[in-house]
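For the record, the sequence lines run as chains C and A.
With this note's numbering, the residue at position 127 of the first sequence is 127, and numbering never jumps.
With this note's numbering, the residue at position 104 of the second sequence is 270, and numbering never jumps.
Each residue gets a CB set at the ideal place from its N, CA and C atoms; glycine is no exception.
Computed from a prediction, not measured in an experiment: that's the story for all the values here.
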Amino acid sequence: MSEFIKQAEQAALWRRWRQVAEGTAEAPDPTLLAAWTEHRLDEAAAERVEAWLALHPEALGDVLAARGAIASVEPSAAALARGAALVAERDSKIMPLRRKAPAWRVAAAWGSMAASILAVSLVGFELGGSLYAGVLGGGQAESAFEQTLLDGPAPIFTDLDEEISS
Amino acid sequence: MAEANELAALIAGDKGAWDRFVRRYAGLILSAVRSLVREGTEAEDLLQEVLVRLCKDDFRLLKTYDPARAGLSTWLTIVARSTARDVQRRHRPPQSALEDVPETLLAVTDVHQEPLKLPKDLLSPRQQLVLTLLYERDLDVAEVAKILGVDPQTVRSTHHKAMLKLRGHFATEGR
Numbered sequence: 001m002s003e004f005i006k007q008a009e010q011a012a013l014w015r016r017w018r019q020v021a022e023g024t025a026e027a028p029d030p031t032l033l034a035a036w037t038e039h040r041l042d043e044a045a046a047e048r049v050e051a052w053l054a055l056h057p058e059a060l061g062d063v064l065a066a067r068g069a070i071a072s073v074e075p076s077a078a079a080l081a082r083g084a085a086l087v088a089e090r091d092s093k094i095m096p097l098r099r100k101a102p103a104w105r106v107a108a109a110w111g112s113m114a115a116s117i118l119a120v121s122l123v124g125f126e127l128g129g130s131l132y133a134g135v136l137g138g139g140q141a142e143s144a145f146e147q148t149l150l151d152g153p154a155p156i157f158t159d160l161d162e163e164i165s166s
Numbered sequence: 167m168a169e170a171n172e173l174a175a176l177i178a179g180d181k182g183a184w185d186r187f188v189r190r191y192a193g194l195i196l197s198a199v200r201s202l203v204r205e206g207t208e209a210e211d212l213l214q215e216v217l218v219r220l221c222k223d224d225f226r227l228l229k230t231y232d233p234a235r236a237g238l239s240t241w242l243t244i245v246a247r248s249t250a251r252d253v254q255r256r257h258r259p260p261q262s263a264l265e266d267v268p269e270t271l272l273a274v275t276d277v278h279q280e281p282l283k284l285p286k287d288l289l290s291p292r293q294q295l296v297l298t299l300l301y302e303r304d305l306d307v308a309e310v311a312k313i314l315g316v317d318p319q320t321v322r323s324t325h326h327k328a329m330l331k332l333r334g335h336f337a338t339e340g341r
């Protein structure tokens with residue numbers, strides 16, 4: 001297929017024709033123009049509209065704009081597919097939001113946490129208190145192991161001192 | 167079908183139908199007139215004018231719309247732009263009367279000699295339109311083919327035949 005190139009000589013011929021061309025056709029009403037835009041006229045009616053349009057570039061602009069309106073009202077299959085892909089892409093990027101817990105559940109959670117801390121504190125205090133009472137009140141270790149712990153480290157040089165003094 | 171019922175209700179004077187019509191088509195009308203004006207407020211004024219024209223004289227213009235012949239969006243775009251141009255023409259500053267212009271300004275040398283008329287059927291309407299779309303609107307062959315609902319080869323052939331006729335006519339005239 002040969003490439004169509006507008007030549008300067010052809011454009012000049014058209015301009016010359018355009019300067020002297022006269023319109024004889026009547027101005028079509030908007031319905032007729034709209035029907036021509038949508039290719040709904042028979043050949044004779046279309047010819048009358050075209051004869052008028054050729055000499056009225058402003059009206060030609062109207063039908064070109066109307067064609068744009070058709071295109072925007074009836075999107076192509078490719079545009080619809082692209083739209084669906086964009087929606088899918090957007091959905092995949094959105095993390096589902098967690099539902100906000102009711103107030104009573106939040107209060108119960110904080111309450112149980114406070115109760116746990118209190119219980120641990122009380123048990124720890126009780127255990128610590130028992131051990132301290134055992135150390136102070138008993139005076140004697142109940143087992144050899146405890147005695148060893150309470151006696152502290154044995155003097156390392158005891159035997160050495162004895163040896164020197166002797 | 168639903169659209170036809172809506173229009174029938176609107177023409178019968180249903181206020182709700184008119185409101186729905188405006189909500190649905192105001193954007194379309196606005197975009198149709200926007201390319202004809204520079205500023206946003208002017209486009210909104212033109213939208214108002216178009217709506218007034220549609221409901222004027224008991225919806226006289228809207229009653230001429232025939233859903234069997236064209237889609238409402240197409241029809242509305244054409245009506246909107248044509249109304250916008252009428253309004254712009256009305257608002258143009260008045261021109262000076264010829265008699266008020268000094269004669270010295272009107273004195274020009276006529277160097278352009280063209281025949282008064284072309285043969286009536288020199289170009290067919292389709293040939294004229296193809297040339298106008300190609301040279302005045304500066305569209306390419308594929309765009310012209312799409313507008314006319316024909317294949318690009320037909321556009322090329324129509325253009326070629328039109329050029330032959332013009333060349334022949336102006337060559338004869340030049341002799």
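Among the residues facing chain C, A:Tyr-301 is included, as its CB has a counterpart in that chain under 7 Å away. Proximity of C:Glu-38 to chain A, defined by a Cβ-Cβ separation below 7 Å, is satisfied.
Counting C-beta atoms within 10 angstroms of its own C-beta, C:Pro-102 has fewer than 16 neighbours from the protein chains shown and is therefore classed as exposed. Taking 7 Å as the CB threshold, A:Val-188 stays off the interface with chain C. Between the alpha carbons of A:Gly-237 and C:Ala-34 lies a distance of about 8 Å. Sequence-ordered contacts of the region 97 to 127 of chain C with chain A are nonexistent [C-beta pairs closer than 7 Å]. Taking the C-beta atoms as reference points, A:Ala-198 is found nearer than 7 Å to A:Thr-243.
C-alpha of A:Glu-210 to C-alpha of A:Leu-196: approximately 7 Å in a straight line.
In this structure, A:Ala-311 lies away from A:Val-296, with their beta-carbon atoms at least 7 Å apart. Nearest C-alpha to C:Val-49 among A:Gly-193, A:Leu-227, A:Gln-294, A:Ala-178: A:Gln-294. Close to chain C, meaning a Cβ-Cβ distance shorter than 7 Å, are the following residues of the region 230 to 246 of chain A: Thr-230, Tyr-231, Asp-232, Arg-235, Ala-236, Gly-237, Ser-239, Thr-240, Trp-241, Thr-243, Ile-244, Val-245. Its Cα nearest to that of C:Ala-51, the residue A:Arg-292 stands out among A:Arg-292, A:Pro-285, A:Tyr-301, A:Leu-173. Interface with chain C (7 Å Cβ-Cβ cutoff): A:Pro-285 is excluded. Chain order gives the chain A residues near C:Glu-50 as Pro-291, Arg-292, Gln-294, Leu-295, where near means a beta carbon separation below 8 Å.
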